[in-house]
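For the protein sequence lines, the chains are S and D, in the order given.
Under the numbering used here, the first residue of the first sequence carries the number 1, and numbering increases by one thereafter.
Under the numbering used here, the first residue of the second sequence carries the number 1001, and numbering increases by one thereafter.
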Amino acid sequence: MASHNDTVFAFGSNGSGQLGLSHFEDISTPEQSSLSGCTVKQIAAGGNHTLMLSEDGNVKLQGDDGHDQTIVRYLSEVDWRVAQLSATWNASMLLLQSGKVLVCGEGQNGELGLGSEISHITSCMAHSVTVLSNGEVWGWGNGRQGQLGEPAEIVWSPRQIQGLTFSAAKVVCGKDFTCVFGNRRESGQVAMFGPKRDRFDLHLNLPSMVVPGWKDVATSWGSIYILRDDGELLGFGRNDHGQLPPPDLPPIEAIAAGSEHCLALTKAGKVLAWGWGEHGNCGEPTDSNGDVKGRWNEVEVPYSVRAVFAGCATSLIVTSAHIEHSGGQG
Amino acid sequence: MADNIYDEIEIEDMTYDPTLQIYHYPCPCGDRFEISIDDLRDGEEIAVCPSCSLMIRVVFEVDELPKPEGGSAVQTAATQVVAA
Ligand SMILES: [Zn+2]
């Protein structure tokens, strides 16, 4: 592209320096602006700020920055190749060549299009769900089992899950369902979305199992776990590999659900594991099917345990040990 | 045997790999259940995971599978079915 350097002349209102001059006076005779010096593709203006897009995709800004509407100047080191600009009174919109939109500035009436802040996010095999600060639940991904509400279909961009009658506090996802919990201190509200084909009677068992005063909730691909404040662990759903809590568990401090197994950190600091353990993820022993069913294994590590996590036939124990690490793998 | 059927999955929910000529679907072990399109055409309905003992039953109609290479007008229609 044959590039040349344009020179921009500006005049008019300039109380915030939006004309890019060396002063803040209004003028009626055009003066050379600092927006000069590149090939201009577009200029857009807000209430008191001006944005200029050059042919090579860079953006220059002048004027009021009281609402961070020109904060994009700090992002200029990143390769935000910009295709087009626009501005509201106190905000700037940058359409990137990638098709994404970068926004900055003030959005008291939704100008930034960002919605509420996201307070919680979770995912399972093929869908993700967020809880917003206003209690709404939005999700995307595979919703063919109704896990993203109606209509049950693949959802390509975030969509609000309709039909929720309370403000969500936490949400957990199984492979084919989403389970939304209300404030844990109050009435113990809960709502299930999906699965349409409910092979493990999640809908049937849910109402009687949910209690106020839950401490944490978790899901495997087909089971739901509810940890109560007093350390009792409830569970319902899929149990063909012993995924549900075995009887007579000691008081539990924290839980982690993998795809088809569960880890628990007891109040006494021990790690227990049960469920589908074919890959060793529930420790030893397992039965001939690779399951730890109706019982648990205690998994020992030589340090004080801080937390447990679990994945697809994987188990992770976080300890507070300080050990010299030999650096990452190359 | 039936105990090892982890799930029943509609073929629309599986991913088709045209290079390997297989349908696949995630397994909770981290690998994936697989079945070749030829096996499906032969009426086989169990997809297995190479890394664990779990398997799934594929829900499908043989008539609605993409037709083998070599068809002409028919093949075009079948390809659209896969993409849908
Ligand atoms: Zn597997």
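The beta-carbon is built from N, C-alpha and C at its ideal position, and this holds for glycine as well.
Since this is a predicted model, take the numbers as computed values, not measurements.
For S/Arg238, the closest of S/Pro250, S/Pro251, S/Gly258 by C-alpha to C-alpha distance is S/Gly258.
Relative to the Cα of D/Cys1052, the nearest Cα in the group S/Asn297, S/Ala321, S/Glu278 belongs to S/Glu278. About 22 Å separates the Cβ atoms of S/Phe236 and S/Asn281, ruling out a contact at the 8 Å cut-off.
Checking the DSSP bridge columns, you'll see S/Thr50 partnered with S/Ala45, S/Gln62. Chain S places no beta carbon closer than 7 Å to that of D/Cys1049, leaving this residue out of the contacts. Near ligand 1, meaning a beta-carbon closer than 6 Å to one of its heavy atoms, we find D/Cys1027, D/Cys1029, D/Asp1031, D/Cys1049, D/Ser1051, D/Cys1052, D/Leu1054.
For S/Arg144, the three-state secondary structure derived from DSSP is coil.
Nearest C-alpha to S/Thr165 among S/Arg159, S/Val180, S/Pro151, S/Lys175: S/Val180. For S/Trp156, the closest of S/Gly139, S/Ser167, S/Gln162 by C-alpha to C-alpha distance is S/Gly139. If you draw a straight line from the Cα of S/Ile118 to the Cα of S/Gly135, it is about 9 Å long.
For S/His120, the three-state secondary structure derived from DSSP is strand. When CB distances to chain S are screened at a threshold of 9 Å, the residues of the region 1005-1021 of chain D falling below it are Tyr1006, Asp1007, Glu1008, Glu1010, Glu1012, Asp1013, in chain order. For S/Ala313, the nearest beta carbon of chain D is closer than 7 Å to its own beta carbon. Residue environment analysis places S/Ser304 among the exposed positions, since fewer than 16 neighbouring C-beta atoms fall within 10 angstroms of its C-beta.
In the structure shown, the three-state DSSP call for S/Pro207 is helix. Judged by their CB atoms, S/Lys175 and S/Cys104 are not nearer to each other than the 7 Å cut-off. At least one C-beta of chain S is nearer than 7 Å to the C-beta of D/Pro1026.
Between the alpha carbons of S/Tyr225 and S/Gly99 lies a gap of roughly 40 Å. Take S/Asn5, set aside five residues on each side of it, and the residues of its chain with a beta-carbon closer than 8 Å to its own are Ser36, Gly37, Cys38, Thr39, in chain order.
Cβ neighbours of S/Leu102 within its own chain (closer than 7 Å, five residues either side excluded): Val72, Trp80, Leu94, Leu96.
Secondary structure at S/Ile323: coil, using DSSP grouped into helix, strand and coil. Against chain D, the CB of S/His241 has no partner CB under 7 Å away; the residue lies outside that interface. When the beta-carbon positions are compared, S/Ala83 and S/Ala44 stay at least 7 Å from each other. Residue-level contact by beta carbon holds for S/Ser259 and chain D, with a gap shorter than 7 Å. The beta carbon of S/Ser16 sits closer than 6 Å to the beta carbons of Asn48, Gly63, Asp64 from its chain, once the five residues preceding and following it are set aside; these are given in chain order.
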